[in-house]
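Contents: one structure, followed by commentary.
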């Protein structure tokens, strides 16, 4: 008995059955005996023959030995899948749709092939082991394979035959599939002599009927079709019974508890991108765009309070949405929009938010918006944990200053009311870096567009805050903090963290 095991590291087996077009999307499953032997022959020519350790006569004898018996298979679980490719043609801008069908299998799930009546002599067994170790793919070149001999094969579930009905129980045991297998040596020789007996046909067919089974299996398919063969003369069609629905897609059922989403991050694209100094304006436009989506999809009376900030219950401590525009690559231009809702969003709210695709300016311009991530943190560096935080936009103190209640006192109070520890150190900064420039607060937009708002601070200030323990962002404080003012970024080794990854 001889048993081989094949695993597919890429999780895919690509092979189109004989007499089927690639765009039919069919997959030859299991791998036909003909294809397996051809793979061994190809490996011999490309990787093994050059070593000189094995004679070609040994390869010929090995192929003849494996052709004498029809193997059985143990098929792993697999599903029929495909990708679509638009391949370029001769004319410019002309493409043709091509289906790339494959069987998707587990990367570590072996397909076993067993020849029950084959017992190889030592020289053939040694050559086979070397061929298997050198084999890179089975089927098309995308079908990477690891092949090896095994001593204890599992019970087969696919075998040659046509008995799909269990006569004792009346149950259907499988489904029929036609595979291509090589003829035994004696049958090929008899067929060859039969065709070559006709001298008129012999002259035309002789190139495709070489002496020896090995040579016959090396004939190029194009040459066979050119002479009218509907299959290789050294091959035969064999019926196999394989498990029912061997390639049917199976829905994966995964029981998991959905994690509440608190952060959704978008990429902002367009020319020109807005300046960091315009963070307040972009934050207001960001909120207006979300409110517009909510009104359209949910109705004006059903806009969620966690997104609008209106009609919130008593005691709400900034649990509603923060609309935070920021610069991810340090060039001074806003290219990310982060929506952070500390209390989280339900599935309907999240779906509505994630449908955003445009941001409109009041002058009629627009920027494209693309969803980048969604989750508990969204990958934004603004939501990292750190001991030290530095202003990205001006902090506008929310109350009037008076004796014993200055800016530092107001920052402490805000932190207490949000359940954050108070900073242990304050450093006021005269300016901050924006791109390659140094900017003061007066160079930022600092006044809300909404009329009638009471705004105690119209100048603003920049700060570097140090806490006794790491706090998790986003950290946005003061007047307008839900619209892009008073934003802070984590500081590490004296530099403001600006990871590009979103």
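In this note's numbering, the protein residues as written are 654 to 1155.
The C-beta atom is built at its ideal place from N, Cα and C for all residues, glycine as well.
Fair warning: this is a prediction, and the values are worked out from it, not measured in the lab.
- Shown here, residue 1134 sits in a helix according to DSSP, grouped into three states.
- Rounded to the nearest angstrom, the Cβ distance from residue 763 to residue 659 is 6 Å, consistent with a contact under 8 Å.
- Distance check between residue 888 and each of 1043, 671 and 732 places 671 closest, using alpha-carbon atoms only.
- In the structure shown, residue 998 adopts extended strand secondary structure according to DSSP, grouped into three states.
- Cβ neighbours of residue 750 within its own chain (closer than 7 Å, five residues either side excluded): 737 and 739.
- The stretch 711-786 contains no complete alpha helix (DSSP H) run of 4 or more residues.
- With fewer than 16 other beta carbons inside 10 angstroms of its own, residue 698 counts as exposed.
- Assigned with DSSP and collapsed to three states, residue 840 falls in helix.
- Residue 944: member of the alpha helix (DSSP H) spanning 932-951, first to last residue.
- In this structure, residue 1118 sits away from residue 1052, with a CB-CB distance that is not shorter than 8 Å.
- When the Cα atoms are used, residue 760 and residue 664 turn out to be separated by approximately 5 Å.
- Assignment of residue 917 by DSSP, reduced to helix, strand and coil, places it in the strand class.
- Residue state for residue 1043 is assigned as strand, using DSSP reduced to three classes.
- Taking a cut-off of 8 Å for Cβ pairs, the stretch 1061-1074 and the stretch 1121-1131 touch, as three or more such pairs fall below it.
- Nearest Cα to residue 678 within the set 668, 687 and 715: 668.
- Per the coordinates, the alpha-carbon of residue 827 lies some 32 Å from the alpha-carbon of residue 695.
- In the displayed model, residue 654 falls within coil according to three-state DSSP, outside both helix and strand.
- Proximity to residue 978 across 727, 674 and 1046 peaks at 1046, based on C-alpha coordinates.
- Secondary-structure assignment with DSSP links residue 1086 through a beta bridge to 1091.
- The Cβ atoms of residue 1023 and residue 993 lie no closer than 8 Å to each other.
- Between residue 996 and residue 957, the alpha-carbon positions lie close to 12 Å from each other.
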